[in-house]
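Asks:
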Amino acid sequence: MFSGFMLNAWAAATIVGVVAGVVGFFTVLRGSAFAAHAIPNGAFAGAAGAALIGANAIAGLGTFSILGALGIGALGRRARNDVASALAIVMMLGLGALFLSMTTEYAPETYSLLFGEVLGVASSELLPSAVIGIVAVAAVLALYRPLMLSSVAPDVAAARGISTQRMEVCFLLVIGLTTSAAVPVVGTLLTFSLLISPAAAARSFTSHPGVAMGLAVLISLSTVWGAIAVSFVSNLPVGFFVGSFGALSYAAGRAWHSCMHRPPRVRLG
Amino acid sequence: MSAIVTSFTGGVFGPGFFSSPPVHVALVVGGVVAVVSGVVGTFTVMRGQSFAGHALSDIGTAGGAAAFLLGISPLFGFTAMNVAAAGVMETIGIRRPRGRDLATGIVLGAGLGLAAAFLFLGTTETSTTGAAVNVLFGSVFTLPTSIVPVIGIFGAVALALIAVLYRPLVLSSLSSDLASARGVPVRLVGLGHLLALALAVSLSAVTIGAILSTALLIGPPAAALRLTKRTGWAIVVSCAIGLVATWGGVLASYDSYYWPPTHHGWPVSFFVVTLVLAFYVLAGAITKARA
Amino acid sequence: MAVPRAGSTLSQAGTDAGRAEVLTVRGLSVSLGGREVLHQVSFSMAPGEVTGLIGSNGAGKTTLLRAILGLVTPTSGEVLIAGRPRSRRNPLVGYVPQRLTLDPDIPLRARDLVGLGLDGHRFGAPWPSAARRASIDQALAGVDATHLAGARVGKLSGGEQQRIMIAQALISRPRLLLLDEPLANLDIRNEGEVVALLARIAATEHVAVLISAHDMNPLLGFMDRVVYIAAGRATSGTAEEVVQTETLSALYGHRVDVVHVNGRVLVVAGREDSHAHCDGGP
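Chains as they are written, first to last, in the working numbering: chain A, 1 to 269; chain B, 270 to 560; chain C, 561 to 842.
Below you can see the structure in the form of structure tokens.
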């Protein structure tokens, strides 16, 4: 389990786990789950486009992630956020369908891009993922306070010179970066799972924001490590276990939360 | 004069468009899906549950793949999975505005995991590498004629649910507080909407693919709601936009067999999505011009 | 709890000349979407004063607050903060929005929210330090909310969230504090406590406090001055000067009666055939 090519898998999982935990904390806090699904899923079309013109898949993913983030930001000015995300994802997937129809050699790679192939990560894929992931985490930490303020009290943030619109686009771009780092390794669908479930579970255990972020990283890491280990033994796909462990950790969080808060507090006013 | 008309229609409708059986099925199924999505989608957009609408098309994939393993019709697998998912979303708390996307996201994450497992099992036992591609992108030209009655029944059930719940749905979509003050069972009505949504998404995702399912569910209603604030009109307009986009897309895709670069046809989904977005942008421009 | 102060003890009976003004609004007009929402509004505020911004829903209160905050651009007129044109990110102005829409499960404690008031616009994550901790504790103590410091913000009641947001606005030591409808959504007991708290803060911290409200009654006895706003026009002065039949009739452009009932003030439409509209506002 810890031989040669498996070392790459552990390293890739660690990178993705940390990045997804940190970025996921704000994804859940800001209620951006749909964008976190739309950008990785739509970026998949970028990989198809890259295959069509013979370019690097990561470059295609990156381009479409950024385009998707900017597209949701632009549409979101006028429409509600969920409609903006829905339109952005169908736009990108529509292009993806077109690209796929024009190339014949791409289909077998589709499954691995959708569901990931963490057990087959090449050493050459690790460095770009690590670099992009570090940029994403650094961006979140740099923007921590204005992001938090504009998520919690957008009016107060605006009164202090923080543009809510600009923060939203910045955060969408961070999701785009996370996509570029994580999708080549774990696939579009798992990138989404890792962004949502661990962070959603973490906030049931603590009300301290820093602790919640740390906990999200821990849960995300144990989810993806555990999934790889169980997948290696059982020969079922990693994605299945990432999805199940994520949902289980969320359920555990809710159970813990309701145990700690029973009986409900009586509130006045 | 008539020669001009003939050459014009000949130019728009490729040779054999009206006599080809697959085109007939595509037009009928596409039409049913467009109408059902237009009606259900109007409420989905009004209630801010676009994400749930899209997520179900992905979650259902797990049911479709499981049905494939069991050897039953994918439509039933899709529907069973989606109805179950809708129930879990409601339980986790899709009715709270701030918890809405999270409830959807958790269920979607778990559903995708299941899809990965079932597709994996499916692909190891047979050699259907294209299963995921097919579910995602669909192919409206390869539908069997036998699917038409089944689609009709599923669509009718979804529309009947919406018709029965129409007034409480409108009220609770505008203000759930107002609705519960008037004695509307808000949670039950919300669950009813989710069930109609699960049915609509299942039938569209299985026939025309997940992309078009979301495009037709969200795009036309979002455009229609930009044009009119009256729910009844919005439903009519969104069905009309959905029909034009779907039939226009089928036509363009049929014609594109003669287009470069590959001469084997551009995908329907690309055209439909483009048309839907064009309508959405147009609706925005009209609203702006009116103001 | 602070002792209620009589109308005009601190404001030199409403004479604008010679006061040190924290806020000066001069001839302010704002148009939104082609419609004039505010027309030629002028008033001023001095340190330590509590001013009530009174008007019905839709009269233009929130627009006026947003213009003072620099979030909408006026078509004419000017807003001066401590004698200077206002700039964005002005540390002299604290703001408490009408209502937070928070997820109950949000991982954020009351003290974290107050901390955002201190340095929420800066880059990077907050580094814990004794000084930061002390100033957060002090701000929470200032609004009698020390016991809420570790509580999850989303689970607090409306009145408790209000206090935390006031602490959040005060921690950066502003000279002007703006509150948008702080009394809406509060019950009568909490209403009285929040108003008394704001009056105490104005007196002890020497902050000019502007409170918008659709009902002036909870503020009576605490307000030094009133800015009464109706259909985008405003008149200002002490409560005695403004809340009287002639002044308000001139503002509304038709006859309204100011009626005093059991210490409460009612502004009633004056048309004989009309159904009397009896709340504190127009």
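Quick reminder that beta carbons are idealized off the backbone N, C-alpha and C, glycines included.
Given the structure is predicted, the values throughout are model-derived calculations rather than measurements.
Taking Cβ-Cβ distances shorter than 8 Å, what residues in chain C pair up with A/Leu-143?
Replies: Correct list: Phe-683.
Asks: Using DSSP bridges, identify the partner residues of C/Ser-796.
Replies: BP columns for C/Ser-796 point to C/Val-787.
Asks: Let me make sure I understand the geometry here. Which of C/Arg-733, C/Gln-721, C/Gly-823 and C/Thr-764 has the alpha-carbon closest to that of C/Ala-744?
Replies: Residue C/Gln-721 is the option with its Cα nearest to C/Ala-744.
Asks: Going along chain B in order, which residues have a C-beta closer than 9 Å to the C-beta of A/Phe-34?
Replies: Going along chain B in sequence order, the residues near A/Phe-34 (Cβ under 9 Å) are Ser-319, Phe-320, His-323, Ala-324, Asp-370, Thr-373 and Gly-374.
Asks: Under three-state DSSP, which class holds C/Ile-696?
Replies: Helix.
Asks: Identify the contact partners of C/Asp-679 in chain A, using a Cβ-Cβ distance below 7 Å as the criterion.
Replies: Here the neighbours are Arg-145.
Asks: Is C/His-820 buried or exposed, if buried means 16 or more other CB atoms sit within 10 Å of its CB?
Replies: Exposed, by the Cβ-count rule.
Asks: Could you give the DSSP three-state label for C/Ala-773: helix, strand or coil?
Replies: Strand, per DSSP.
Asks: Let me see if you follow: with CB-CB separation under 8 Å, is C/Ile-666 close to chain A or not?
Replies: True, the Cβ-Cβ gap to chain A drops below 8 Å.
Asks: Which value, in whole angstroms, describes the spacing of the CA atoms of B/Trp-502 and B/Val-550?
Replies: Distance between the alpha carbons of B/Trp-502 and B/Val-550 is about 19 Å.
Asks: Which first and last residues belong to the beta strand (DSSP E) in which C/Gly-587 is found?
Replies: Taken as a continuous stretch (DSSP letters only), the beta strand (DSSP E) holding C/Gly-587 covers 583–592.
Asks: Provide the residue span of the beta strand (DSSP E) that contains C/Tyr-894, from first to last.
Replies: A question about residue 894 of chain C goes unanswered here, because the residues of chain C that appear run from 561 up to 842.
Asks: Closer than 9 Å by beta-carbon distance: list the chain A residues that pair up with C/Arg-669, in chain order.
Replies: Near C/Arg-669 (Cβ distances below 9 Å), the residues of chain A are Ser-207, His-208 and Pro-209.
Asks: Should C/Arg-638 go down as buried or exposed, given a rule of 16 or more other Cβ atoms within 10 Å for buried?
Replies: Per the sequence shown, the amino acid found at residue 638 of chain C is Glu instead of Arg. Answer is exposed; the Cβ neighbour count stays below 16.
Asks: Could you tell me whether any Cβ in chain A is nearer than 8 Å to the Cβ of B/Ser-396?
Replies: The pLDDT assigned to B/Ser-396 is 42, lower than 50, so where the model puts this residue is not dependable; a value taken from the coordinates is nonetheless given after this. With 8 Å as the cut-off, B/Ser-396 does not count as an interface residue toward chain A.
Asks: When Cβ atoms are compared, which residues of the region 145–172 of chain A fall closer than 9 Å to chain B?
Replies: Result list empty, no residue passes.
Asks: Go through its chain and collect everything with a Cβ distance to A/Thr-103's Cβ below 8 Å, but skip five positions before and after it.
Replies: Same-chain partners within the cutoff: Ala-48, Ala-51 and Leu-52.
Asks: Indicate the three-state DSSP secondary structure (helix, strand or coil) for C/Gly-637 in the structure shown.
Replies: The answer is strand: DSSP assigns C/Gly-637 an E or B state.
Asks: Applying a beta-carbon distance threshold of less than 8 Å, which residues of chain C neighbour A/Ser-204?
Replies: Within 8 Å Cβ-Cβ: Asp-665.
Asks: Report, in whole angstroms, the separation of the C-beta atoms of A/Thr-164 and A/Thr-179, which I expect to be a contact under 8 Å.
Replies: That pair is no contact at about 23 Å.
Asks: Could you give the C-beta distance for A/Val-217 and A/Ile-228, rounded to a whole number, given that I count them as a contact under 8 Å?
Replies: Contact doesn't hold; Cβ gap of about 17 Å is too wide.
Asks: Determine whether the Cβ of C/Tyr-812 lies closer than 8 Å to any Cβ atom of chain A.
Replies: It does not; no Cβ of chain A falls within 8 Å.
Asks: Got a sec: is the Cβ-Cβ distance from B/Thr-476 to anything in chain A below 8 Å?
Replies: Closer than 8 Å: no.
Asks: Taking the CB atoms as reference points, tell me whether B/Leu-434 and B/Val-458 lie closer together than 8 Å.
Replies: Yes. Within cutoff.
Asks: For the beta strand (DSSP E) containing B/Gly-340, list its first residue and its last residue.
Replies: Unbroken run through B/Gly-340: none, as it is neither H nor E.
Asks: If we call anything under 8 Å between Cβ atoms a contact, is C/Leu-780 one with C/Val-825?
Replies: Cβ distance < 8 Å, so C/Leu-780 and C/Val-825 count as in contact.
Asks: Using a Cβ-Cβ cut-off of 8 Å, state whether A/Ala-20 counts as contacting chain C.
Replies: Output row for A/Ala-20: interface = no.
Asks: Give a yes or no on whether 8 Å exceeds the smallest Cβ distance from B/Pro-566 to chain A.
Replies: This structure cannot speak to residue 566 of chain B, because chain B is shown only from 270 to 560.
Asks: Starting from the Cα of C/Ala-762, find the closest Cα among C/Leu-736, C/Asn-822 and C/Gly-630 and give me that residue.
Replies: Comparing Cα positions, the closest option is C/Leu-736.
Asks: Applying a beta-carbon distance threshold of less than 7 Å, which residues of chain C neighbour A/Ala-212?
Replies: In chain order: Pro-667.
Asks: Please list, in chain order, the chain A residues whose beta carbon lies closer than 9 Å to that of C/Pro-657.
Replies: Chain A residues near C/Pro-657: Ala-153, Pro-154, Asp-155, Val-156 and Ala-159.
Asks: Counting C-beta neighbours from all protein chains within 10 Å, is the total for A/Phe-64 16 or more, i.e. buried, or is it exposed?
Replies: A/Phe-64 should be labelled buried.
Asks: Report buried or exposed for A/Met-167, applying the criterion of at least 16 other Cβ atoms within 10 angstroms of its Cβ.
Replies: Flag for A/Met-167 reads buried.
Asks: Distance, Cα to Cα, A/Met-213 vs C/Gly-615?
Replies: If I take the Cα positions, the gap works out to 44 Å.
Asks: Could you tell me the boundaries of the alpha helix (DSSP H) in which A/Ser-124 lies?
Replies: Per DSSP, A/Ser-124 belongs to the alpha helix (DSSP H) from 123–142.
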